[in-house]
Amino acid sequence: MIMASKNQRSKPAAVWHGVWPALLVAVVVIGLWYSASHFWGMPKYILPAPDLILKEAIENPNSLLRNGWVTLVEATTGFAVGVLLAVFVALVLDSWRFLEKGMSPYLVVGLNIPIVAIAPAVIIWFGFGMMSKIVVAAILTFFPVVIYTLKGLKAADRREVDLFSVLSASRIQGLLKLRMPSSLPFFFAALRVASAASVLAAVVAEFIQANAGIGYLILTAAYTNNTPRIWAAVAVSAGIALLFYWVVTVAERKIIPWHASVDARN
Amino acid sequence: MTAAVVARELSVTFESGGGQFQALNAFNLTVEKNEFVSLIGPSGCGKTTVLRCIADLISPTGGSVMVNGIPPRDAIKKRDIGYVFQSATLLEWRNVLKNVMLPLELAGVPRAEALPRAEAMIERVGLTDFVKNYPRQLSGGMQQRVAIARSLVMNPDIILMDEPFAALDEITRDDMNRWLLEVFAQSSTTILFVTHNIREAIMLSDRVVVMAARPGRIVKEFKVSMPRPRTAEQTFTDEFSRIRQEAEEALYGAATRTKVGE
Chain A
1 MIMASKNQRS
11 KPAAVWHGVW
21 PALLVAVVVI
31 GLWYSASHFW
41 GMPKYILPAP
51 DLILKEAIEN
61 PNSLLRNGWV
71 TLVEATTGFA
81 VGVLLAVFVA
91 LVLDSWRFLE
101 KGMSPYLVVG
111 LNIPIVAIAP
121 AVIIWFGFGM
131 MSKIVVAAIL
141 TFFPVVIYTL
151 KGLKAADRRE
161 VDLFSVLSAS
171 RIQGLLKLRM
181 PSSLPFFFAA
191 LRVASAASVL
201 AAVVAEFIQA
211 NAGIGYLILT
221 AAYTNNTPRI
231 WAAVAVSAGI
241 ALLFYWVVTV
251 AERKIIPWHA
261 SVDARN
Chain B
267 MTAAVVAREL
277 SVTFESGGGQ
287 FQALNAFNLT
297 VEKNEFVSLI
307 GPSGCGKTTV
317 LRCIADLISP
327 TGGSVMVNGI
337 PPRDAIKKRD
347 IGYVFQSATL
357 LEWRNVLKNV
367 MLPLELAGVP
377 RAEALPRAEA
387 MIERVGLTDF
397 VKNYPRQLSG
407 GMQQRVAIAR
417 SLVMNPDIIL
427 MDEPFAALDE
437 ITRDDMNRWL
447 LEVFAQSSTT
457 ILFVTHNIRE
467 AIMLSDRVVV
477 MAARPGRIVK
487 EFKVSMPRPR
497 TAEQTFTDEF
507 SRIRQEAEEA
517 LYGAATRTKV
527 GE
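Taken in order, these protein sequences are the chains called A and B.
Counting from 1, one number per residue, gives the positions in the first sequence under my numbering.
Counting from 267, one number per residue, gives the positions in the second sequence under my numbering.
See the structure below:
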């Protein structure tokens, strides 16, 4: 009775109801775009028509797939390494107040490092293969996740802390059963930010120096003024970032279905 | 027989913004085993502070508290004390069953034993149909019932209740009062109940203790000898009206005197 859903529509109808405004926007934008280059004289080298981009993708799928795969692997590996390291560091800093006080200003500095500024140095250290891109992606993932997770570990309600005290909970029980669950919404918010940042990091690092990847593909296409290829590559990188975002969202829905932010989105 | 709670000359002073705030001054109270005692008073009179001292959430600046003849910290370790907060304070990531299981889990009770105990307690608070629900999906009254089930599940000797029904509407509050009377009748616990509702205090208690603020202290005590089980009809008895009137006088008299004294 309390759980009665406000949306009583059948499932496909409900999905369609949620999706059609976005589809309409896509149709209008692509239509305008198509008209601009085919009827209104927009030069191809500035903005090629959507069908030309699609044609490029269909005719030369190999380089898109091969370079897309490289970027995907770099971003995923960097993301995973960054998250694991961040969670470990957050737990260490959380249990050691002195170290946390000493480190937190530098974490904020780290969060604000402009990626292009650090990428050349990382490439000098780790070479221009995939390793340097993984490191850059890991750096960009690490800082938001460590900062938000630390914040989340302190987010338990004052009254909940009292409750655990009255229930005579040990320190480790407090961590496992109160503070870690309370930190999960913060952790997922950070993952959302980091998932987009890791793809960005890999692509930008590839711009600087690389022999494969979406960034590399865009750069070489730009040298030959192959704008359809540039846009096809942009679409692939956006696809990778969206895939990341989707994975994080699904994980969030599975792991913290109780949280208001998840419920609001359903 | 040792009393459930003995507070002697209890004083608590808080530092606040350079000044000092005396939350409690020379507070004396004895609660016997299986007694239901209400503390009633205006906000700032230190009612909650008394409970927090008994539950070892704060240390008194002066005087002492004993729970079953031992210091609060040891009583908490022995899990002799249950606490119901003003808000239900349920963990939002646990469903009703898992919230009620929490104290058992923290005490290391094996799951095979904990599960039937938690389920029995949930049945007692009438929420069997809601075991799988998350707190967000429950009404305020139901949430508070889960919180009470959680405080009862360890079978504590003493339950401290801090205005548990203050956030509920009048009708739900009456319901909860009736229900709490039943629970109290079925168990052998001692309850120390904080409220600012006189009617609620008289209906539930064996003894009503009226407090005043600045500094927090006891101004008057009433024994309620109306027979149990208590019913709503008893609110029309002479005894009820007499205690209510005297308690109001003590309460508002104390409030006015405090103002004049300032």
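Yeah, the Cβ is synthetic: ideal placement off N, Cα and C, and Gly gets one too.
Q | Residue span of the beta strand (DSSP E) that contains Asn291 of chain B, given as start and end | A | Gly285 to Val297
Q) In or out: Gln409 of chain B buried (at least 16 other Cβ within 10 Å) or exposed? A) buried
Q.
Which complete beta strand (DSSP E) runs does the region 468-519 of chain B hold, if anything under 3 residues is left out?
A. 473-478 and 483-489
Q.
Using 9 Å as the threshold, is the C-beta distance between Ser330 of chain B and Leu276 of chain B below it?
A. yes
Q | Outcome for Leu32 of chain A when other beta-carbon atoms lying within 10 angstroms are tallied against a minimum of 16 | A | exposed
Q.
With H, G and I counted as helix, E and B as strand and the rest as coil, what does DSSP make of Met103 of chain A?
A. In the structure shown, Met103 of chain A sits in a helix (DSSP, three-state: H, G or I).
**Q.** Amino acids of chain A, ordered along the chain, whose beta-carbon sits closer than 9 Å to that of Ala321 of chain B
**A.** Asp162, Ser165 and Val166
Q | Distance CB(Asn361 of chain B)-CB(Val397 of chain B) smaller than 9 Å | A | yes
**Q.** Chain-ordered chain A contacts of Ser353 of chain B [CB-CB under 7 Å]
**A.** Arg159
Q. So Val199 of chain A packs on Ile256 of chain A, CB below 8 Å; how close in whole Å?
A. So it is not a contact: roughly 24 Å between Cβ atoms.
(Q) On the DSSP letters alone, give me the boundaries of the alpha helix (DSSP H) that Gly68 of chain A sits inside. (A) Pro61 to Ser95
Q: Leaving out five residues on either side along the sequence, give the residues of the same chain with a beta carbon under 8 Å from the beta carbon of Lys11 of chain A.
A: none
(Q) Quick test of the definition: if touching needs 3 or more C-beta pairs under 8 Å, does the region 130-137 of chain A touch the region 327-345 of chain B? (A) The region 130-137 of chain A vs the region 327-345 of chain B: no contact.
Q.
What are the residues in the region 166-181 of chain A lying within 7 Å of chain B by C-beta distance?
A. Here the close residues are Val166, Leu167, Ser168, Ala169, Gln173 and Pro181.
Q: Would you list the residues sitting across from Phe459 of chain B in a DSSP beta bridge?
A: B:Ser304 and B:Met427
Q) Relative to the alpha-carbon of Arg423 of chain B, which residue among B:Tyr349, B:Cys319 and B:Ser304 has its alpha-carbon at the smallest distance? A) Note on identity: in this sequence residue 423 of chain B is Asp, with Arg being the wrong assignment. The residue with the shortest Cα to Cα distance from Asp423 of chain B is B:Tyr349.
Q | Exposed unless 16 or more other CB atoms sit within 10 angstroms - verdict on Lys280 of chain B | A | In the sequence as presented, Lys is not what sits at residue 280 of chain B; that position holds Phe. It is exposed - the Cβ of Phe280 of chain B has fewer than 16 other Cβ atoms within 10 Å.
Q. Between the C-alpha atoms of Trp179 of chain A and Val166 of chain A, what's the straight-line distance to the nearest angstrom?
A. Going by the sequence as given, residue 179 of chain A is Arg instead of Trp. Approximately 16 Å between the Cα atoms of the pair.
Q. Are there 16 or more other CB atoms within 10 angstroms of the CB of Glu252 of chain A, so buried, or fewer, so exposed?
A. buried
(Q) What does the Cβ neighbour count give for Pro114 of chain A, buried or exposed, with the cut at 16 atoms within 10 Å? (A) exposed
Q. Any beta-carbon of chain B closer than 9 Å to the one on Leu184 of chain A?
A. Yes, its Cβ sits closer than 9 Å to a Cβ of chain B.
**Q.** Best match in A:Gly127, A:Phe188, A:Trp258 and A:Ala57 for proximity to Gly152 of chain A [C-alpha to C-alpha]
**A.** A:Phe188
Q | Outcome for Val316 of chain B when other beta-carbon atoms lying within 10 angstroms are tallied against a minimum of 16 | A | buried
(Q) Check whether chain A comes within 9 Å of Leu393 of chain B, counting only Cβ atoms and requiring the distance to be less than that. (A) With 9 Å as the cut-off, Leu393 of chain B does not count as an interface residue toward chain A.
(Q) For chain B, check one thing: does any of its Cβ atoms lie closer than 9 Å to the Cβ of Val260 of chain A? (A) Sequence check: residue 260 of chain A is Ala here, not Val. Closer than 9 Å: yes.
Q. Does Ile256 of chain A have its Cβ less than 9 Å from a Cβ in chain B?
A. yes
Q: Can you give me, in chain order, the residues of the region 392-412 of chain B that have a beta carbon less than 9 Å from any beta carbon in chain A?
A: Phe396, Asn399, Tyr400, Pro401, Arg402, Gln403, Leu404, Ser405 and Met408
Q | Assigned exposure category for Ile123 of chain A - 16 Cβ within 10 Å defines buried | A | In summary, Ile123 of chain A is buried, with 16 or more beta-carbon neighbours lying within 10 Å of its beta-carbon over all protein chains present.
Q | Minimum C-alpha distance to Glu301 of chain B - residue among B:Gly407, B:Phe293, B:Arg402 and B:Phe459 | A | B:Phe459
Q) According to the neighbour-count rule (16 or more other Cβ atoms, all chains shown, within 10 Å of its Cβ), is Arg402 of chain B buried or exposed? A) exposed
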